[in-house]
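Reviewing the structure listed below.
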Amino acid sequence: MNRKSLLSTAAFLVVAVVGFQVGRVTTVSSLGDAADEKRNKRASPVLRSGDDSTKPAMRSGSRPGKALSPADRLARLESIVRGENPYERNRALLAFLDRLAPGDFEGVVDHFRALGITEDRLGEYGLILAAWAKADPLAALAYAKAKTENPFAARAILASWATEDAAAAIRWAQNNHQGDGANPWLIGVIRGIAATDIEGAANLLKSMPRSVERGEALDALLPHLLAKGNESTRTWIAAIDDDALRNGAMMRAAEAMAKTDPAGTVAWLMENPGEALDQRLDDVFGIWAKQDEAAARNALNTLPTGEIRSDALRGVVTRLALNKPNDAVALMDQYPDEVNDRTVRNFIWHSFGKDPAAALGEVSRIGDEDRRNEMYRRAMSAWMRRDATAARAWLNSNPLPESATRSLSQDEAR
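Quick note on numbering: the sequence shown equals residues 2 to 415 in the numbering used here.
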């Protein structure tokens, strides 16, 4: 595998494993050997497999006569991942992977996994898997099927392979799936091709029946679709024939689209009543209130009374509760008919950290008595642990209903 291929792999993983930081093992070790590797570059063939019988080309070592023994190779890997400097650690890891022959990867992956795969180290794990996929995807996938239970490994391998040979990756995914359910292997393929062939990725997605797997495949596709712009995304979603898939796409896309065009997103949801409107209007208004509080509050007046305005109000109240609890209370007072128990609970949860007195002051708005007493109990218990003096002072001035007082007393007695 040449340096260009590995750097392409690294770039792919930034997208495929977004949200995960590159991790480390806490023990410090020297990167001197890895730095020496960086000075020895070579070119090596990259596999392009046409079918499941294709065998990858073996790569010659970059240092004839100085090949590392298996034990030294694993020691080198451990030395790299124990490094403290993330920049040097990743450069060293790329150099290390560039030296490996296809047959070396299984031992390397085994040893890396034995060091402990944490969420913080998934980026490095994915990089190693992607490099193996470019050297010998069939062996990498056989390993993933036999030795891993979490789908991360197989999806990372398939995504990497698909960037090199999408047709072969698709054939493998289809040949290795049995039954009538959704093909889970397609998630990795879709992730791999979505950046360069969004229609091909979309066709694979649409071929999947409604399932958790289809939702995960949609999550992999949507960032690339959204990169084309909100209008293009809306047009693509509108053309989906499957009602469930269209609603799922709307729900996932709405929150992202609201970050750049909250007013347009609200209008879009209102024009397409259904599950997405019911489930996402509060999120969109919350995002809008964060960006432009005045505009979001003014928009509440334009909405029809009832559930729609209630959902939107909840979004604005939830956002204001974080930093402006008094403003949130005033807004609930302005629309009393649209304030429901869920809105009040959201206010309490989000305002408690800044102003527990304001949060407790609105518990009485909760209509369901059991839920109201439970909220009193939980909020007062939390405040007692945080500042018992202030909590008791508030209680002395704001006596609770008898049922709530009994519940709180029982809690304190424990």
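Cβ coordinates follow ideal geometry from the N, Cα and C atoms, glycine included.
All figures in this text were calculated on a predicted structure; none of them were measured in a lab.
Out of the options, which one is the CA nearest neighbour of residue i?
i: Asn273; options: Ala250, Thr390 and Lys260; result: Ala250
i: Trp173; options: Trp186, Glu165, Asp181 and Gly182; result: Trp186
i: Ile188; options: Gly180, Arg211, Arg215 and Ala168; result: Arg215
i: Met381; options: Asp371, Glu370 and Leu396; result: Leu396
i: Ala240; options: Ala268, Thr261, Ala203 and Val267; result: Ala203
i: Ala132; options: Glu89, Asp121 and Phe106; result: Phe106
i: Leu98; options: Glu120, Gly117, Gly127 and Ala221; result: Gly127
i: Arg92; options: Asn176, Val110 and Ile129; result: Ile129
i: Arg366; options: Arg387, Val330, Arg378 and Met385; result: Val330
i: Ala115; options: Thr149, Arg393 and Glu294; result: Thr149
i: Arg298; options: Glu308, Tyr336 and Gly307; result: Tyr336
i: Ala245; options: Lys207, Leu101, Pro224 and Thr266; result: Lys207
i: Pro103; options: Pro138, Pro210, Arg192 and Ile118; result: Pro138
i: Leu142; options: Tyr88, Asn374, Val110 and Pro224; result: Val110
In whole angstroms, give me the CA-to-CA distance for residue i and residue j.
i: Ala358; j: Leu401; result: 13 Å
i: Thr406; j: Ala391; result: 17 Å
i: Leu219; j: Gly124; result: 22 Å
i: Ala264; j: Ala163; result: 38 Å
i: Pro326; j: Ile349; result: 9 Å
i: Arg253; j: Thr197; result: 21 Å
i: Leu180; j: Arg156; result: Note on residue identity: the sequence assigns Gly, not Leu, to residue 180. About 19 Å.
i: Ala168; j: Leu205; result: 12 Å
i: Met376; j: Ala228; result: 42 Å
i: Asn341; j: Ala268; result: 23 Å
i: Ser161; j: Ala134; result: 6 Å
i: Met333; j: Asp242; result: 40 Å
i: Asn399; j: Ser352; result: 18 Å
i: Asn177; j: Ser212; result: 18 Å
i: Ala383; j: Arg346; result: 15 Å
i: Pro151; j: Leu314; result: The sequence shown places Asn at residue 151, not Pro. C-alpha separation (whole angstroms): 40 Å.
i: Arg372; j: Ala389; result: 23 Å
i: Thr303; j: Asp328; result: 20 Å
i: Ala257; j: Ala290; result: 15 Å
i: Ala300; j: Ala322; result: 18 Å
i: Ala394; j: Glu308; result: 38 Å
Answer yes or no: the CB of residue i versus the heavy atoms of the ligand HEM, is any distance below 7 Å?
i: Arg298; result: Absence of the ligand HEM is noted for the structure shown, with no ligands found whatsoever.
Tell me which same chain residues have a C-beta within less than 7 Å of the C-beta of residue i, skipping the five on either side of it?
i: Pro71; result: Gly108
i: Gly275; result: Asn248
i: Gln292; result: Pro263
i: Leu226; result: Ile199, Thr234 and Trp237
i: Thr261; result: Asn231
i: Ser54; result: Note that Ser54 has pLDDT 36, beneath the 50 cutoff, so the model's placement of it is unreliable and no number is given.
i: Arg192; result: Ala17, Arg156, Ala160 and Ala221
Can you give me the Cβ contacts of residue i inside the same chain, cut-off strictly under 8 Å, excluding the 5 residues immediately before and after it?
i: Leu270; result: Met251, Ala255, Ala277, Leu278, Arg281, Leu282 and Val285
i: Asn324; result: Lys355
i: Glu370; result: Ser404
Ignore the nearest five residues each way along the sequence and tell me which others in residue i's own chain have a CB closer than 6 Å to its CB.
i: Val1; result: No answer is possible for residue 1: it lies beyond the span of the chain, which begins at 2 and ends at 415.
i: Pro65; result: Because the pLDDT at Pro65 is just 42, under 50, the model does not fix this residue reliably, and the value given afterwards should be weighed accordingly. So no residue of the chain qualifies.
i: Pro210; result: Ala183
Since I believe residue j is in contact with residue i (beta carbons under 8 Å), could you give me their beta-carbon distance rounded to a whole number of angstroms?
i: Glu339; j: Arg320; result: About 16 Å separates the two Cβ atoms, so there is no contact after all.
i: Leu78; j: Phe113; result: 7 Å
i: Gly287; j: Gly316; result: 4 Å
i: Arg90; j: Val82; result: 7 Å
i: Val318; j: Thr344; result: 6 Å
i: Leu222; j: Ala259; result: 19 Å between Cβ atoms; not a contact.
i: Ala145; j: Ala154; result: 4 Å
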